[in-house]
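In mature numbering (1 follows the signal peptide of the UniProt record, and there is no 0), the protein residues as written are -22 to -1, 1 to 152. Glycine is no exception: its CB is placed at the ideal position from the N, C-alpha and C atoms. I have placed the structure first, in the form of structure tokens, so that the comments after it can refer back to it.
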Amino acid sequence: MMFKSILALGVILLLNSTNVTANPIYNANPAPDTNSTSTLNARTDNTFCGLFSTASRYDAQLLLAQLHSDGGDCSAPAKTCSRVACWATSAIYVCNDNDHAISPNCVTDVVPYGLDISQQCCGLSGGSVSGQRFHDTAGFNVIVAYGNCNHDRNADRPALGPWPVVWGPNGACR
């Protein structure tokens, strides 16, 4: 049996043999910290990347900083995506899956999710970002994606991409 993995260092083939498998792993990471006292937490990642036409990563980060600075609530009517911040062709949305209006706190509820998307989606070296992060229990999600700032903030959901449309003016999510 053979396993193929692509790492930052290149392609490594792992065969079903301890001797053959261990060498490439140790060569790729020759001095792991075996005395680490850190612990691992169970992952409950509700972040999905590349679902929508992209925002500019730079503009999205500026929008998140502005939301943090402004504070307050980022409200959304029932069963609606509400654009809570927009600049040029980039937007932050709060999408409400509940049967009632919600007003999550921009600073504590929306900005951290937007930052997670910005830091996890579409490769950090690229200039574009597209992603969605779901709240575990509150029935809403945050989307960082393309936005048309000329449209009503509750009029439309973020454009899906890349099919059948292109990624949009901010480039591809890679």
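Of the residues assessed, S47 falls on the exposed side of the cut-off, its CB having fewer than 16 other CB atoms within 10 angstroms. The alpha helix (DSSP H) runs lying completely inside the stretch 37 to 111 and spanning 4 residues or more are 89 to 98, given in chain order.
Beyond the five residues adjoining it in sequence on each side, Q39 comes within less than 7 angstroms, by CB distance, of S96 in the same chain, given in chain order. Partner residues in a beta bridge of T32, as assigned by DSSP, do not exist. I70 and A63 do touch by the CB rule: their CB atoms are close to 4 angstroms apart, below 8 angstroms. Around the Cβ of D37, a 10 Å sphere holds 16 or more other Cβ atoms; the residue is buried.
In the structure shown, N119 falls within a strand segment according to DSSP collapsed to helix, strand and coil. Contact check for P136 and S68: beta-carbon distance about 11 angstroms, past the 8 angstroms limit, so the pair fails to qualify.
Under the three-state reduction of DSSP output, C151 falls in the coil class, being neither helix nor strand.
The residue from A43, S60, R152, D87 with its alpha-carbon nearest to that of G104 is R152.
According to the DSSP secondary-structure assignment, C27 is paired through a beta bridge with G109. Judged by their CB atoms, A54 and C27 are not nearer to each other than the 9 angstroms cut-off. If you check the CB distance, S108 and V88 do not come in under 9 angstroms. When the alpha-carbon of G117 is set against those of C100, A43, A56, the nearest one is in A56. By the C-beta density criterion, L42 is buried, having at least 16 other C-beta atoms within 10 angstroms. At the C-beta level, N128 and T58 stay beyond 9 angstroms of one another.
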